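If you read the protein sequences in the order shown, they are chains A and B. FYI, in this note's numbering the residues of the first sequence are 38 to 250. FYI, in this note's numbering the residues of the second sequence are 38 to 250.
Protein chains: 2
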Amino acid sequence: MRMGVIGSGMVGQRLAADLARLGHEVVVGTRDPGKLEGFVAEHPGVRAATNAGAAAFGEMILLATRWEGTREALDLAGEENLNGKTLVDITNPLDFSGGRPALALGWNTSAGEQVQGWIPGARVVKALNIVTADAMLNPRTFVGGEPDMFIAGNDAAAKGEVTRLLEGVGWGVVDLGDITMSRYIEPLALIWITHAANSGWTKRDHAFKLLNR
Amino acid sequence: MRMGVIGSGMVGQRLAADLARLGHEVVVGTRDPGKLEGFVAEHPGVRAATNAGAAAFGEMILLATRWEGTREALDLAGEENLNGKTLVDITNPLDFSGGRPALALGWNTSAGEQVQGWIPGARVVKALNIVTADAMLNPRTFVGGEPDMFIAGNDAAAKGEVTRLLEGVGWGVVDLGDITMSRYIEPLALIWITHAANSGWTKRDHAFKLLNR
């Protein structure tokens with residue numbers, strides 16, 4: 038599948054590398070594609086382009102930007118390159134201004150809803166925002182069974198595509214409903230981050246699982 | 038230990054029964070103690086009283102009220118009967134007015150913070166709000182290992198008491214920090230409820246676990 042990754046930081050690079058390893062064709066979008074020369078050279082199957090180039094290339098788009106740069110990155114990607122496409126929103130609206138991580142927004146809105154509002158024609162699916170980057174496409178590395186990924190979005194077909202990708206690498210997928218359910222998924226990222234911060238960042242390898250009985 | 042349970046609905050009754058089974062002395066507080074005659078007769082070790090009676094009796098208080106009745110229940114319990122005590126806040130600020138469950142408040146506040154604000158002298162610990170009542174003190178019934186309970190509160194000693202109670206019955210306990218961390222724990226209840234509602238309420242037996250690697 039042709040994958041466009043918007044965001045070329047640690048998360049975007051790791052996703053691009055893992056998607057290529059899984060056999061997808063990947064283009065990473067960035068302001069300055071030249072900066073990714075070394076990364077691209079080390080990862081056959083990954084190319085670098087502008088955000089618009091990555092968005093135009095991808096059949097599926099993965100949004101892996103810092104929250105504060107998300108809107109601009111989507112503007113650069115171009116609505117016309119995103120309309121109709123499945124857009125996996127991995128962002129977390131983090132606010133570090135208080136000295137410890139908090140949500141910059143929530144309760145009656147969410148990053149997922151904001152992104153869907155900015156690109157109404159995209160089929161936004163909230164997913165993958167509740168684990169560290171190198172676990173996103175490597176959930177089988179967790180001990181104690183299959184971890185679960187909570188997803189949300191308005192388009193059933195788009196959620197189906199994302200579910201196939203996630204289940205294919207070993208996630209259990211729990212579809213919570215429409216994109217407003219991002220309000221309840223994004224706080225999980227704060228639990229993840231707070232648990233990591235409380236450990237002095239020695240704990241970075243946790244994922245959520247729903248147990249049953 | 039002497040336990041005071043505030044709230045005599047399904048959750049309060051189940052907690053009282055399970056606490057008595059564990060060997061604690063339990064008083065359940067309610068507006069009309071006479072209504073609990075049958076329940077009390079079937080559960081040796083449990084007595085019924087007013088909220089003030091239950092609060093005065095308990096060394097530890099478990100708050101298991103519907104959110105909309107919580108403030109009044111605490112007023113009836115009486116600040117003087119709660120000051121200095123560990124108060125386990127099991128409430129979830131639910132709003133069903135939109136046709137599906139939502140949080141009545143969140144993001145920059147939480148039920149846990151509201152409760153702590155109403156009774157500043159109590160040592161409030163958010164806990165147990167993310168599973169169904171009959172699992173709260175029976176976590177060993179889940180399949181796939183020890184589920185985890187996320188807790189939050191300002192008082193380390195109170196969290197220690199709650200941790201001993203929870204670990205004693207089989208929870209892993211993850212202390213996220215002060216009572217403001219309730220902002221991230223209460224959304225988990227909405228994930229629980231939404232997952233149950235999406236299944237037509239056939240799924241009511243799930244709990245969260247943190248996997249590691």
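Virtual Cβ for every residue (Gly too), placed ideally from N, Cα, C. What you are looking at is a predicted structure, and each value in this text was computed from that prediction instead of being measured.
When DSSP builds the beta bridges, which residues end up paired with B/Thr123?
B/Met97, B/Arg160
Any beta carbon of chain A sitting closer than 8 angstroms to that of B/Gly190?
no
Looking at C-beta atoms only, is the number of pairs between the stretch 81-95 of chain A and the stretch 115-124 of chain A that lie closer than 8 angstroms three or more?
yes
Whole-angstrom C-beta distance between A/Phe179 and A/Ala101, which should lie under 8 angstroms
With 8 angstroms as the limit, A/Ala101 and A/Phe179 do not qualify as a contact, their Cβ atoms being about 21 angstroms apart.
In the structure shown, what three-state DSSP assignment does A/Met47 receive?
helix
A/Pro70 versus A/Ala85: straight-line alpha-carbon distance, rounded:
5 angstroms
Counting contacts by CB-CB distance shorter than 8 angstroms, is B/Lys246 in contact with chain A?
yes
What do you get for A/Glu150, buried or exposed, if any count of 16 or more other CB atoms within 10 angstroms of its CB means buried?
buried
CB-CB under 7 angstroms to B/Val77, same chain, minus the five flanking residues each way: which ones, in chain order?
Val83, Arg84, Ala85
If you follow the alpha helix (DSSP H) that A/Phe76 is in, where does it begin and where does it stop?
74-79
For a quick check, are the C-beta atoms of B/Met40 and B/Leu111 less than 8 angstroms apart?
no
Straight-line CA distance for A/Leu227 to B/Ala170?
25 angstroms
Just tell me which of B/Val206, B/Ile222, B/Ile43, B/Val152 has its CA closest to the CA of B/Thr87.
B/Ile43
Through-space distance from A/Gly154 to A/Arg68, alpha-carbon basis
23 angstroms
Straight-line Cα distance separating A/Met38 from B/Pro176:
42 angstroms
Please confirm if B/Ile228 has its CB atom under 8 angstroms from at least one CB of chain A.
yes
Can you list, in chain order, the residues of its chain with a C-beta nearer than 6 angstroms to that of A/Ala53? Leave out the 5 residues immediately preceding and following it.
Val42, Val63, Val65, Val83
Are any of the Cβ atoms in chain A nearer than 8 angstroms to that of B/Arg250?
yes
Find the residues of chain A that neighbour B/Asn166, judging by a C-beta separation of less than 9 angstroms, and give them in chain order.
Per Cβ cutoff of 9 angstroms: no residues; B/Asn166 is ~13 angstroms from chain A at best.
Bounding residues of the alpha helix (DSSP H) (the contiguous stretch that carries A/His232):
219-235
Could you please tell me which residues of the stretch 124-143 of chain A, in chain order, have their CB closer than 9 angstroms to any CB of chain B?
Arg137, Ala139, Leu140, Leu142, Gly143
Looking only at DSSP bridge pairs, what is A/Gly66 linked to?
A/Ile43, A/Ala86
Excluding sequence positions up to five away, which residues of its chain have a Cβ less than 7 angstroms from the Cβ of A/Arg108?
Trp155
The alpha helix (DSSP H) with A/Gly154 in it runs from where to where?
148-155
How would you label B/Lys246, buried or exposed, when you count the other beta carbons within 10 angstroms and need 16 or more for buried?
buried
Within its chain, find whatever has a CB closer than 7 angstroms to the CB of B/Val199; leave out the 5 residues flanking it on each side and keep chain order.
Thr123, Val125, Val162, Ala164, Ile188
So which residues of chain B does A/Gly182 contact, with C-beta pairs closer than 8 angstroms?
Gly181, Gly182, Leu248
Starting from B/Leu247 and walking both ways along the alpha helix (DSSP H), at which residues does that stretch end?
Premise fails: B/Leu247 lies in the beta strand (DSSP E), 243-249, not in any alpha helix (DSSP H).
Terminal residues of the continuous beta strand (DSSP E) containing B/Val211?
209-214
Below 8 angstroms, how does it come out for the stretch 216-224 of chain A and the stretch 219-237 of chain B: are there three or more Cβ pairs, yes or no?
yes
Can you tell me whether DSSP reads B/Asp171 as helix, strand or coil?
helix
With 8 angstroms as the threshold, decide whether the Cβ of A/Asp242 is near any Cβ in chain B.
yes
For B/Ala234 and B/Glu74, the rounded distance between their alpha carbons:
33 angstroms
Give me the Cα-Cα distance between B/Pro138 and B/Trp229, rounded to the nearest whole angstrom.
11 angstroms
Does the separation of the CB atoms of B/Asn191 and B/Asn166 fall below 8 angstroms?
no
To which residues does DSSP link B/Asp132 through a beta bridge?
B/Ala139
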